[in-house]
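Structure, as structure tokens:
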Amino acid sequence: KRSLDLTSAYFVPRPAFIQALVEAAQRGVEVRVLVPGPHVDKEIVRIAGRSTYEQLMRGGVQIFEYQPTMLHAKSLVVDKVWTTIGSVHFDNRSFQLNDEATLCIQGSAFAQQLTEVFEDDLVKSEKMKPRRWLQRGPVQRSKEMAARLLRREL
């Protein structure tokens with residue numbers, strides 16, 4: 003209803019998940035997504051995820067790339083009351099191939115703690131700006147288009 007804070011080390015969302023995030027943002031939910039910045043172990047996954055940024059940002063989703071080190075956290079805090087934390091990435095591999103585990107916790111105390119961690123990580127992140135994002139070059143756009151074709155396998 004109010005907020006959705008998502009952290010994902012491998013963020014290659016399916017079209018239905020993109021749509022759900024955008025619809026939430028358009029309903030007035032503050033949707034913030036924290037993903038890895040330049041320090042990654044699988045560059046192709048990062049590029050595939052970045053191919054969704056334009057659609058997400060156009061829909062009102064805020065995207066942040068963590069800068070200092072590799073980000074490997076996976077969590078979700080909804081309305082500062084409901085939390086998931088575990089090994090699930092928001093990608094096809096986690097939903098269809100890998101064995102994953104996630105703990106769901108309802109309660110404001112834990113959600114508040116995780117929100118504080120999220121906020122601390124945002125300070126160390128670069129917020130993606132739609133206008134600047136649209137100015138990226140043709141080489142980067144080509145890489146994103148190619149990686150997007152592999153999205154189902156990533």
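Read in order, the letters of the sequence shown correspond to residues 3 to 156 in the numbering used here.
We put the CB at the ideal spot given by N, CA and C, even for glycine.
Bridge partner(s) assigned by DSSP for D7: Here residue 7 refers to the residue found at position 5 when the sequence shown is read from its first residue. Its beta-bridge partners are R34 and V79.
Count the other CB atoms, across all protein chains shown, that sit within 10 Å of the CB of D122; report buried if there are 16 or more and exposed otherwise. Here the question's residue 122 lines up with position 120 in the sequence shown. A residue is called buried when at least 16 other Cβ atoms come within 10 angstroms of its Cβ; D122 does not meet this threshold and is exposed.
Between which residues of its own chain and Q64 is the CB-CB distance below 6 Å, once the five residues before and five after are set aside? In the sequence shown, the residue the question calls residue 64 occupies position 62. Counting only Cβ-Cβ distances below 6 Å, and skipping sequence neighbours, we find R34.
State buried or exposed for E128, treating a residue as buried only when at least 16 other CB atoms are found within 10 Å of its CB. Numbered from its first residue, the sequence shown carries residue 128 at position 126. Exposed, by the Cβ-count rule.
With 16 other CB atoms within 10 Å as the buried threshold, where does L78 fall? Position 76 of the sequence shown, counted from the start, is the residue given in the question as residue 78. Classification of L78: buried, given that the 10 Å Cβ count is 16 or more.
Under 8 Å: do the stretch 34 to 47 and the stretch 8 to 25 share three or more Cβ pairs, one atom per stretch? Judged by Cβ distances under 8 Å, the stretch 34 to 47 makes contact with the stretch 8 to 25, as three or more pairs qualify.
By Cβ distance, which residues of its chain are closer than 6 Å to P174, with the 5 residues on each side in sequence left out? Within the shown structure, residues of the chain are numbered from 3 to 156, placing residue 174 beyond reach of any answer.
Is R133 buried or exposed, if buried means 16 or more other CB atoms sit within 10 Å of its CB? Here residue 133 corresponds to residue number 131 of the sequence shown, with the count starting at 1. With a threshold of 16 other beta carbon atoms within 10 Å, R133 falls short and is exposed.
Beta strand (DSSP E) runs contained entirely in the stretch 23 to 71, provided each spans 3 or more residues: Fully enclosed beta strand (DSSP E) runs of 3 or longer: 32 to 38 and 64 to 68.
Taking C-alpha atoms, which residue in A50, S5 and I87 lies nearest to L151? For the purposes of this step, residue 151 is identified with residue 149 of the sequence shown, where counting begins at 1. Ranking A50, S5 and I87 by Cα distance to L151 puts A50 first.
Where K76 falls, given that 16 or more other Cβ within 10 Å makes a residue buried: Here residue 76 is taken as the residue at index 74 of the sequence shown, counted from 1. By the neighbour-count criterion, in which 16 or more other beta carbons inside 10 Å mark a residue as buried, K76 falls on the buried side.
Compute the Euclidean distance between the alpha carbons of T54 and V14, then round it to the nearest angstrom. If you number the sequence shown from 1, residue 54 lands on position 52. If you number the sequence shown from 1, residue 14 lands on position 12. Looking at the backbone, the Cα of T54 and that of V14 are separated by about 8 Å.
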